[in-house]
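Engineer: Sending over a structure as structure tokens; questions will come in a sec.
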Amino acid sequence: MKCLKDFIAQNLVENENVGWLLNFSGEASSAGEFRCAILDIFVSPNPEQFENLALPGGEHSSVVDECIKFLRINTGFSNVLTYGYKIAKNSDVASTLHCESSNLNVTNLKSGIWTTVHKILGTECFVNLIINFTIYDCRNGICRQTVGPVQERGQINGLLPVLVGATTIGNSEFLYRNRGVCKISSIMPCSLTILWYQIFGTDKNNSDGIPTECRVILRQILSRVIHNHRRLKYRFILDALCPYKDFKSSYSNMEPQTSIKSIVKFLTVIIEKLFPLSFFGSRHNKSVLMSKISFILKLKLHGRLPISFWIKGLRIKDIEWLGSQSKIDYRELRARQDLLERIIEWFFGHLLSSVIVTFFYCSELSGSPNLLFFRFDVWAQMTQPFLKAYFERYLTLNEKCQGHVCNTEFAHGYLRLIPKKAKTQFRVIFVPLKCREQEKANAELGYMRSVLKPAGCILSYVSSKRKISPDVPSKKLSSPSEISSAICDFKARLLKRYGEIPYLFFIKFDIENCYDSIPRSRAREVINQQLSIYSDFYVRSQSFYDSEKGSFKQISSVNGDLKIKKHGIAIDNVRTVYLTKKDVIEILDKEMENSSIIYGEHCLLRNSGIFQGTALSAHIVDFLYDDLVESHQAFRNEQGAESLILRLADDFLVISTSKLYIEKIETHVWKGFETYNAFSNERKVLSNLNCTDNKSLRFCAIDLDMGTLEVMKR
């Protein structure tokens with residue numbers, strides 16, 4: 255697989271015509287835009303190749319039509335370009351190739367940069383590209399297939415890190431990695447052959463594209479690195495620079511973490527002892543790379559930085575293993591640039607990650623994008639008591655399941671613990687198990703696409719149609735970004751009624767152990783009641799194109815209800831899933847009753863509550879707490895005061911001009927809502943009933959000034 259620029263260059267080099275790469279100013283809106291586009295579009299040869307292609311020439315649009323006609327006749331609907339096209343069988347259709355519905359891929363291929371690509375390559379080469387290659391367009395951070403045999407959406411999205419991953423390096427490689435995933439002996443491969451393959455994905459003796467002089471020098475350096483690795487006392491350095499911290503004497507979950515400053519020192523010493531100066535080329539380059547170790551540790555959750563950031567500041571001429579930079583053509587220059595990028599990506603993205611996951615558990619702090627690092631022995635001391643109590647209280651052995659991977663009756667997954675600030679407190683997340691066998695993985699993907707996702711769309715649709723009593727001033731939120739608009743609307747109502755912002759009373763609370771405390775029978779009853787007014791559901795898949803952002807996303811409409819934003823275009827994917835009310839309830843039951851976790855050699859089911867992180871868990875919480883707010887007498891605003899109830903999952907904020915209304919709610923908050931098994935986290939209940947100076951609060955990462963109703967996000 256290669257970028258379109260390399261594909262064009264290779265085909266033009268044979269004609270000794272590469273000047274366009276540097277001087278091109280064709281019909282694209284600008285040469286710069288064209289160069290950027292062909293770097294973010296990738297091509298890969300198809301397994302089945304058609305030879306001796308002799309399609310009629312002509313203007314660009316006609317050539318594309320001839321390619322589609324050829325593909326439609328020879329491949330049916332297996333190519334994304336053939337969707338919506340039929341070959342006419344009689345004279346009723348003027349053209350042999352007949353399009354019954356829009357195909358956006360064809361529209362894109364007939365315009366934009368592709369007209370220019372056609373002119374540069376010539377018709378013969380362009381036709382070969384369209385017929386015998388798969389094309390992925392990864393501009394704007396979204397990967398979509400433009401040409402080629404049909405790929406599953408998950409496979410296409412999975413290609414994005416492969417296609418553009420070499421251009422970015424982040425912290426995902428060392429997040430949530432359990433002890434034992436990487437051992438000290440596995441930090442560095444034991445042989446040069448394996449290490450070379452790890453970096454370049456090819457054998458050291460068959461390194462196409464890597465100049466010979468570069469390969470010889472680099473092999474010598476990497477052999478030295480492997481030798482140094484075998485002699486290095488990693489554990490001694492760890493204990494000296496990142497000492498063990500006793501969790502028992504800590505006052506919070508944050509105290510026993512190892513500071514980023516200490517980990518930077520640890521990694522710096524490791525790198526100093528592993529790599530000879532010749533790897534960096536000079537002391538200047540070594541200093542530049544060492545200074546960037548802290549950046550990868552300080553990235554926010556799932557943060558990434560482009561390869562240009564990691565390379566910036568390096569003196570290329572100092573690096574001997576890159577070879578001489580004078581008198582080389584474009585192809586040679588590109589090969590050496592690729593060599594440098596692969597080494598840097600391996601250095602930061604693989605080697606440093608391997609060292610980190612060997613000694614530290616990395617996770618975000620619950621409710622924050624900031625990362626924490628714990629030595630594995632400290633992490634075990636923190637989590638084992640919690641896990642023991644959690645298993646005893648909520649889980650039971652699944653005696654029906656023997657083969658965890660092949661048993662499709664149960665939805666298997668693992669537990670992930672996200673530390674909270676309070677000592678011994680963790681958020682428990684269910685992480686679905688991914689099957690490695692292709693056939694079973696495809697079956698799981700099919701179940702997700704045809705069952706779970708449509709069921710989720712149906713539940714969202716039913717929830718959105720629920721009518722709320724005018725006595726309940728409730729506003730359900732789907733994300734923190736909606737808080738600001740809800741507050742602004744409330745502020746406008748106050749100004750219209752009072753001419754100013756009156757003194758406001760409030761109470762903020764959340765439900766303790768929300769997912770663990772969900773009463774499944776009550777949740778099933780509530781959802782069944784809401785579904786009862788519907789007989790069946792049709793979920794229609796759509797592709798949504800935002801013409802302003804130039805981005806695509808997949809959306810679904812339920813029973814024809816589709817809301818399109820301004821400047822948006824919906825493209826029907828001609829895929830509909832039909833589910834009855836009974837089907838939805840059965841899917842819900844399976845999610846609640848048959849979701850099980852694998853721990854060691856055991857498979858465990860819940861005896862109460864639900865797992866956070868399963869496909870429909872958030873929907874279950876929404877239905878239950880919507881019903882709580884709608885049905886419980888505490889939330890009825892019978893006095894007619896201006897009030898607002900905001901709820902995001904299990905976080906509640908109630909604001910009112912009536913002190914009596916807030917007092918009524920506070921009384922029930924302290925008592926709990928027994929019918930829903932919902933009891934507040936007493937440490938987090940906050941109100942201003944007894945504290946008139948409390949004019950500000952923080953709700954779901956949003957700061958709110960209660961005097962002015964100004965909203966600010968930190």
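Per my numbering, the very first residue in the sequence shown carries number 255; after that it's consecutive.
Glycine included, each C-beta is placed from N, C-alpha and C at the ideal position.
How is the beta strand (DSSP E) around V965 delimited, first residue to last?
Structural biologist: Here residue 965 corresponds to residue number 711 of the sequence shown, with the count starting at 1. Here the beta strand (DSSP E) through V965 covers 964-967.
Engineer: Could you work out which residue in N782, T868, S795, F763 is closest to E920 when comparing CA atoms only?
Structural biologist: Here residue 920 refers to the residue found at position 666 of the sequence shown. When each option's Cα is compared against that of E920, the closest is F763.
Engineer: Find the nearest neighbour of G535 within the set I765, L472, I755, V831, judged by alpha-carbon distance.
Structural biologist: What you label residue 535 is simply residue 281 of the sequence shown in a count that begins at 1. That would be L472, whose Cα lies nearest to the Cα of G535.
Engineer: Look at the alpha carbon of V297 and the alpha carbon of T369, and state the distance between them as a whole number of angstroms.
Structural biologist: Walking along the sequence shown from the start, residue 297 turns up at place 43. Walking along the sequence shown from the start, residue 369 turns up at place 115. Distance between the alpha carbons of V297 and T369: 17 Å.
Engineer: What three-state label does DSSP hand G424 in the structure shown?
Structural biologist: As a first step, residue 424 must be located in the sequence shown, where it is residue number 170. Residue state, collapsed to three classes: strand.
Engineer: Going by DSSP in three states, G987 sits in which element: helix, strand or coil?
Structural biologist: Since the displayed the chain opens at 255 and closes at 968, residue 987 lies outside it and no answer follows.
Engineer: DSSP three-state label for C857, please.
Structural biologist: For the purposes of this step, residue 857 is taken as the residue at position 603 of the sequence shown. It is a strand residue.
Engineer: Please report how far the alpha carbon of K540 lies from the alpha carbon of L531, in whole angstroms.
Structural biologist: For the purposes of this step, residue 540 is identified with residue 286 of the sequence shown, where counting begins at 1. For the purposes of this step, residue 531 is identified with residue 277 of the sequence shown, where counting begins at 1. Distance between the alpha carbons of K540 and L531: 7 Å.
Engineer: So the candidates are E936, T522, S620; which of them puts its Cα closest to the Cα of I610?
Structural biologist: Residue mapping note: residue 610 aligns to position 356 of the sequence shown, counting from 1. With distances taken between CA atoms, I610 lies nearest to T522 out of E936, T522, S620.
Engineer: Which whole-angstrom value describes the C-beta separation of V875 and Y769, a residue pair presumed to lie in contact below a C-beta threshold of 8 Å?
Structural biologist: As a working note, residue 875 is residue 621 in the sequence shown. As a working note, residue 769 is residue 515 in the sequence shown. Indeed, because the Cβ distance is near 7 Å, the residues count as touching under 8 Å.
Engineer: Using only CA atoms, which one of L594, V317, I322, I852 lies nearest to G402?
Structural biologist: Locating residue 402 in the sequence shown gives position 148, where the first residue counts as 1. Considering only alpha carbons, the answer is I322.
Engineer: For the putative contact between F645 and C655, defined by C-beta atoms under 8 Å, what is the C-beta separation to the nearest angstrom?
Structural biologist: In the sequence shown, residue 645 corresponds to position 391, counting from 1. In the sequence shown, residue 655 corresponds to position 401, counting from 1. Going by Cβ atoms, the distance from F645 to C655 rounds to 16 Å, so no, they are not a contact pair.
Engineer: Using DSSP with H/G/I as helix, E/B as strand and the rest coil, what is K519?
Structural biologist: In the sequence shown, the residue the question calls residue 519 occupies position 265. Here K519 sits in helix by DSSP.
Engineer: With a cut-off of 8 Å on the beta carbons, I'd call L559 and I423 a contact; round off their distance for me.
Structural biologist: Numbered from its first residue, the sequence shown carries residue 559 at position 305. Numbered from its first residue, the sequence shown carries residue 423 at position 169. With a Cβ gap of about 6 Å, L559 and I423 count as contacting.
Engineer: Please work out which residues of its chain come closer than 6 Å, Cβ to Cβ, to F628, disregarding the five sequence neighbours upstream and downstream, and give them in chain order.
Structural biologist: Within the sequence shown, residue 628 is the residue found at index 374, counting from 1. Closer than 6 Å at Cβ, skipping near neighbours: Q511, Y615.
Engineer: Compute the distance between the beta-carbons of R774 and R829, then report whether it is under 9 Å.
Structural biologist: In the sequence shown, residue 774 corresponds to position 520, counting from 1. In the sequence shown, residue 829 corresponds to position 575, counting from 1. The answer is no: Cβ separation not under 9 Å.
Engineer: For the beta strand (DSSP E) containing E618, name the first residue and the last one.
Structural biologist: Walking along the sequence shown from the start, residue 618 turns up at place 364. E618 -> beta strand (DSSP E) spans 614-618.
Engineer: Compute the beta-carbon to beta-carbon distance between F338 and N357, rounded to the nearest angstrom, for a pair I have assumed lies under 8 Å.
Structural biologist: By 1-based counting over the sequence shown, the position of residue 338 is 84. By 1-based counting over the sequence shown, the position of residue 357 is 103. Note on identity: in this sequence residue 338 is Gly, with Phe being the wrong assignment. So it is a contact: roughly 5 Å between Cβ atoms.
Engineer: Considering only residues of the same chain and omitting the five flanking positions on each side of S862, which have a CB-CB separation below 7 Å?
Structural biologist: For the purposes of this step, residue 862 is taken as residue 608 along the sequence shown, with counting starting at 1. Cβ neighbours of S862 beyond the five flanking positions: Y648.
Engineer: On the criterion of 16 or more Cβ atoms from any shown chain inside 10 Å, does Q808 qualify as buried, or is it exposed?
Structural biologist: The residue given as residue 808 occupies position 554 in the sequence shown. So Q808 ends up on the exposed side.
Engineer: Under a Cβ-count criterion, where at least 16 other Cβ atoms within 10 Å of its own Cβ denotes burial, should R398 be classed as buried or exposed?
Structural biologist: Indexing the sequence shown from 1 puts residue 398 at position 144. R398 is buried by the Cβ-count criterion.
Engineer: Determine the DSSP secondary structure at C290, reduced to helix, strand or coil.
Structural biologist: In the sequence shown, the residue the question calls residue 290 occupies position 36. Three-state result, C290: helix.
Engineer: May I ask you to list the residues that DSSP assigns as paired with S251?
Structural biologist: In this structure the chain extends from 255 to 968, so residue 251 is not present and cannot be described.
Engineer: Alpha carbon to alpha carbon, how far is L576 from E467?
Structural biologist: Mapped onto the sequence shown, residue 576 falls at position 322. Mapped onto the sequence shown, residue 467 falls at position 213. Near 8 Å, if we compare the C-alpha coordinates of E467 and L576.
Engineer: Compute the Euclidean distance between the alpha carbons of P299 and T388, then round it to the nearest angstrom.
Structural biologist: Numbered from 1 along the sequence shown, position 45 holds the residue referred to as residue 299. Numbered from 1 along the sequence shown, position 134 holds the residue referred to as residue 388. Each residue's alpha carbon lies about 6 Å from the other.
Engineer: Using three-state DSSP, classify T830 as helix, strand or coil.
Structural biologist: Along the sequence shown, read from residue 1 onward, the residue named residue 830 stands at position 576. If DSSP states are grouped into helix, strand and coil, T830 belongs with the strands.
Engineer: So for P310, helix, strand or coil by DSSP?
Structural biologist: Taking the first residue of the sequence shown as position 1, residue 310 is located at position 56. P310 falls in the coil class under three-state DSSP.
Engineer: Apart from the five residues just before and just after V898, which ones in its own chain have a Cβ nearer than 6 Å to its Cβ?
Structural biologist: Your numbering for residue 898 matches position 644 in the sequence shown. The identity of residue 898 in the sequence shown is Leu, whereas the question assumes Val. The answer, listed in chain order, is P727, F744, I909.
Engineer: Quick check on this structure: which residue in K729, G894, E427, D592 has the alpha carbon closest to the alpha carbon of L551?
Structural biologist: Counting from one through the sequence shown, the residue named residue 551 turns up at place 297. Out of K729, G894, E427, D592, E427 has the C-alpha closest to the C-alpha of L551.
Engineer: Below 9 Å between beta carbons: does that hold for I441 and L605?
Structural biologist: The sequence position of residue 441 within the sequence shown is 187, counting from 1. The sequence position of residue 605 within the sequence shown is 351, counting from 1. Yes, Cβ-Cβ distance for I441 and L605 is below 9 Å.
Engineer: Quick check: the Cα distance between N344 and I327, rounded to an integer number of angstroms?
Structural biologist: Counted from its first residue, the sequence shown places residue 344 at position 90. Counted from its first residue, the sequence shown places residue 327 at position 73. Any reading at N344 must be qualified, since the residue scores a pLDDT of 49, below 50, and its modelled position is unreliable; no value is offered.
Engineer: For E653, is the classification buried or exposed, using 16 other Cβ atoms within 10 angstroms of its Cβ as the cut-off for buried?
Structural biologist: The residue you call residue 653 lines up with position 399 of the sequence shown. Answer is exposed; the Cβ neighbour count stays below 16.
Engineer: Provide the residue span of the alpha helix (DSSP H) that contains V470, from first to last.
Structural biologist: Taking the sequence shown and counting its residues from 1, one reaches residue 470 at position 216. Start and end: 466-485.
Engineer: In whole angstroms, give me the CA-to-CA distance for L885 and G710.
Structural biologist: Indexing the sequence shown from 1 puts residue 885 at position 631. Indexing the sequence shown from 1 puts residue 710 at position 456. A small fix is needed here, since residue 885 is Ser in this sequence, not Leu. Cα to Cα, S885 sits roughly 24 Å from G710.
Engineer: Does any residue of chain B have a CB that is nearer than 9 Å to the CB of E646?
Structural biologist: Of the protein chains in this structure there is only one, and it is not chain B.
Engineer: Going by CA-CA distance only, name the one from R776, N935, S871, Q893 that's closest to L882.
Structural biologist: As a first step, residue 882 is located in the sequence shown; it is residue number 628 there, counting from the start. Cα-wise, what sits closest to L882 is R776.
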